[in-house]
Structure formats: structure tokens, C-alpha cells
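Only one structure is covered here, and it is reproduced in the block below.
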Amino acid sequence: MKKHILSFAAILICAASLLCLMSCEKVDAKGLWEEATYLSDTTLGDGAKTVSIDIEAEEQKITITLKTDKATLGEAMYEHGLINDPSFFNVLNGITADWNADQAYWAFYSGEDYMTVGVAETSISGGEHYRFVYTK
Numbered sequence: 007m008k009k010h011i012l013s014f015a016a017i018l019i020c021a022a023s024l025l026c027l028m029s030c031e032k033v034d035a036k037g038l039w040e041e042a043t044y045l046s047d048t049t050l051g052d053g054a055k056t057v058s059i060d061i062e063a064e065e066q067k068i069t070i071t072l073k074t075d076k077a078t079l080g081e082a083m084y085e086h087g088l089i090n091d092p093s094f095f096n097v098l099n100g101i102t103a104d105w106n107a108d109q110a111y112w113a114f115y116s117g118e119d120y121m122t123v124g125v126a127e128t129s130i131s132g133g134e135h136y137r138f139v140y141t142k
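Take the sequence shown: its position 76, counting from 1, is numbered 82 in this note's numbering, and each next residue is one higher.
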């Protein structure tokens, strides 16, 4: 009897693990995403403030959740290696948007609203949600 209960518990744990893996958003590592650092939803850091960012490129999207003590979004993203410069960046999550090559850039949104300031000027207090969309 005890053996059957343990077998059933093991099956339930496997099923729950499979469901968790299936619920994570994951993108195909092709096109722009070939150079991406993260290909699925990820949480980074352990600070007091939590900020989430969606990264959208080529019809694919992941969400990165940052836990940080930094004052600005740029500092928090740079702290976790998501951008190449906390003031003005062209590489996000390993994906380069090169204006000089093909007029590509990272459009920055808060919800559906286009941001009129950059990440270096965007203060964070926790709970914010931003979007970065690879745009040509």
C-alpha cells in the first residue's frame, strides 16, 4: 500500500513539474533571438523592488522580472546585464538594434504608452511593468 502511495505521489510531482515547464513562455532561438541571453521568462536579483519588462522581437515575447534596490530602470537593467549601457543602449538581452545599419531601435513603453524619457531617467519604486519592442 505504501509503495502505491509513493508511486502516485511521484507521478503527481512529475505532472506538476511538466505543467510548470509548459506554462513558461519560451521563444525559438532563431533570427534575432539567436544571440539572446534569455529565451524564456526569467526572474533576476533579490532586491526589495520588483519591476517586470517584456522584451518583444519578431513576433515573440518574454518577460524578465527584476528584483533590485537600484533607483532607475537603466541601473537595474544594467545591474543584471540586460543592457550594454545604463544611459543609452542598443543591446537588450543580447539582441542588438542597430539604427546605423537598418534603422532598428528598442521602442520603450509603459503599458501601451510610449515613454518620452529613457531608462536612465525612469525612476522605479516597485511594481512597474515596461515593454521593449524591437522596431524598424
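In this text, a Cβ means the ideal position worked out from N, Cα and C, and glycines have one as well.
Once the 5 residues before and after D52 are set aside, which same chain residues still bring their CB inside 6 Å of it? K73
Note to self: Whole angstroms are fine: how far does the CA of Y111 sit from the CA of N96?
What the structure shows: 7 Å
| Does the beta-carbon distance from Y101 to Y140 come in below 8 Å? | Reading off the sequence, residue 101 comes out as Ile, not Tyr. Cβ distance < 8 Å, so I101 and Y140 count as in contact.
Between which residues of its own chain and D104 is the CB-CB distance below 7 Å, once the five residues before and five after are set aside?
N96 and A110
If the criterion is Cβ atoms closer than 8 Å, does the pair G133 and G80 meet it? no
**Report entry** Cut-off 7 Å between Cβ atoms - residues of its own chain near A126, not counting five sequence neighbours on either side
**Finding:** T78, G80, P92 and S93
task: Report yes if the CB atom of I59 is closer than 8 Å to the CB atom of F138, and no otherwise.
output: yes
### Message
the ligand ZN and D60: does any heavy atom of the ligand fall closer than 7 Å to the residue's C-beta?
### Response
With respect to the ligand ZN, the structure offers nothing, as it holds no ligand at all.
| Among residues of its own chain, excluding the 5 on either side of A54, which ones have a beta-carbon nearer than 6 Å to its beta-carbon? | D75
Buried/exposed call for Y120, threshold 16 Cβ in 10 Å
exposed
Bridge-paired residues (DSSP) for Y115: Y120 and R137
**Asked** Nearest to K36 by alpha carbon, out of A63, S116, V57 and T48?
**Response** A63
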